[in-house]
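Engineer:
Residue numbers (our numbering): -14 to 164.
#1: Roughly how many angstroms separate the alpha carbons of residue 89 and residue 136, rounded to a whole number?
#2: Determine the closest residue to residue 57 out of 108, 30, 142, 130, with distance taken between C-alpha atoms.
#3: Near residue 147, which residues of its chain fall below 6 Å by C-beta distance, leaving aside the five closest residues on each side in sequence?
#4: Buried or exposed: residue 73, going by 16 or more other Cβ atoms within 10 Å of its Cβ?
#5: Rounded to a whole number of angstroms, what is the C-alpha to C-alpha distance between residue 54 and residue 126?
#6: Whole angstroms are fine: how far does the CA of residue 32 sit from the CA of residue 138?
#7: Using 8 Å as the threshold, is the C-beta distance between residue 123 and residue 44 below it?
#8: Per the contact definition of three or more C-beta pairs closer than 8 Å, is the stretch 77 to 87 in contact with the stretch 141 to 156?
#9: Given that a residue counts as buried once 16 or more other Cβ atoms are within 10 Å of its Cβ, and exposed if not, what is residue 60?
#10: Do you know how far the Cα of residue 80 is from the Cα of residue 131?
Here's what the structure looks like:
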């Protein structure tokens, strides 16, 4: 769709590019989202999915470094983020874009991965679990919730707040299922 059709009027009369369709497109990247939401998968989409998995690795690696994991554990901890985000994308594809179901399955996958790796590497589970679930953190919806709250837009606070809550509960629930 064109950029003009993505614009809608806010309550205060200003134009806003955010709506459910654009949030879906740009929350995980345009091409994989088109793949997830019903178009054919092409080479460009596959490149975007691979790029997302690489970025999940880098983000998880950053948190592994931030939490001062031993260098020998960096790669193992970061691969958990890749598996977690890949699981999220896969379940999103098959669950008809159910945020809670996808987050729940991805967090459970991360918890299982962390449990297995902790036993194999003889290290505490949280060392692998925390970097693994980093890609699931709902940064954009939390930002939109807080932005709408500051602006006093209760309708957007309700919408984005419920999405943020779904993400957070799915992460916690997925971990609790395994533990």
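From the three backbone atoms N, C-alpha and C, an ideal C-beta is built for every residue, glycine too.
Structural biologist: Let me spell this out:
#1: 31 Å
#2: 108
#3: none
#4: buried
#5: 29 Å
#6: 37 Å
#7: no
#8: yes
#9: So residue 60 counts as exposed.
#10: 28 Å
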